[in-house]
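In terms of our numbering, the sequence shown is residues 1021 to 1250.
Glycine included, every Cβ here is placed at the ideal spot set by N, Cα and C.
Here's the structure we're looking at; comments come further down.
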Amino acid sequence: MKLGVVIAAAGAGKRMGSSTKKQFLFLKDKPILLHTLEQFIGLESVQEIVIVTGAEDIKMTKDLVQSYPSVLVVPGGKERQDSVYAGLKSLRTSEYVLIHDGARPFVSQSAIQGLVNHLKVKQSAILAVPVKDTIKQVNNQGIVVNTPPRESLWAVQTPQAFHVPLIMKAYLHAEEQGFYGTDDASLVEFYGEEVSVVLGEYTNIKITTPEDLWTGEMILQNKEGKGIHR
């Protein structure tokens, strides 16, 4: 299996409230993006890794990953979807691809491998965890209009894994239809293909707010205390 990785790291990170973009903020001794990248370095079957970042951050990102000369850094687009598409177009040899958030540094290699194993029988698969809280659907007036059954609700994570021809067709179809989804799997759904769910881990959080940074420090400290680095 020839596997590629596209890491989306072009976000502005406005919710973080920092002048430094979230992917470049330090978590312990190194930037979040480097923590994220290192989860994929050395993984069996990974042939190529592409990091997509803002055009203004190309040099900073290249400097950050200079210890990994095989990693390609390319400029992204206006929206996350545009950026990921640019990353997908930069793949050269991959038959399958893992698309991952640059600000999601705690995905374990065991979770990644579980996703990759699923690709052997499915063309698309995503990591997700069952929601713990009751979810309410609320209208524009702040009134609850529906309470979906909790057992049917899953919180979606990344990586999201796809057969490259399928995700490229889905992205092209979305572009032609002017459709923007909130994740990559939604484009495959919009294209009319099914997406399988693989159980993820609750520690696989996305660093979005200052509170997430604090939580991330605790997760990292716990992993280091147990001698778990990946």
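Residue environment: ARG1100 is assigned as buried (16 or more neighbouring CB atoms within 10 Å of its CB, all protein chains considered). Excluding its 5 nearest sequence neighbours in each direction, ALA1029 has C-beta neighbours in its own chain below 6 angstroms: GLN1043, LEU1053, ILE1071, THR1073, GLY1122, listed in chain order. With contacts defined as CB atoms closer than 9 angstroms, VAL1026 and LEU1108 qualify as a contacting pair. Distance check between TRP1174 and each of ILE1163, ASN1166, ALA1075, ASP1153 places ASP1153 closest, using alpha-carbon atoms only.
Annotation: VAL1158 to PRO1150 spans about 20 angstroms, alpha carbon to alpha carbon. The region 1176-1184 and the region 1234-1242 do not touch, with fewer than three beta-carbon pairs separated by less than 8 angstroms. ASP1121 sits in a strand when the DSSP states are folded into three classes. By the Cβ neighbour-count rule, PHE1126 is buried, with 16 or more other Cβ atoms within 10 Å of its own. Rounded to whole angstroms, the Cβ separation of VAL1217 and VAL1208 is 13 angstroms, and the two are not in contact under 8 angstroms. In the structure shown, the three-state DSSP call for SER1172 is helix.
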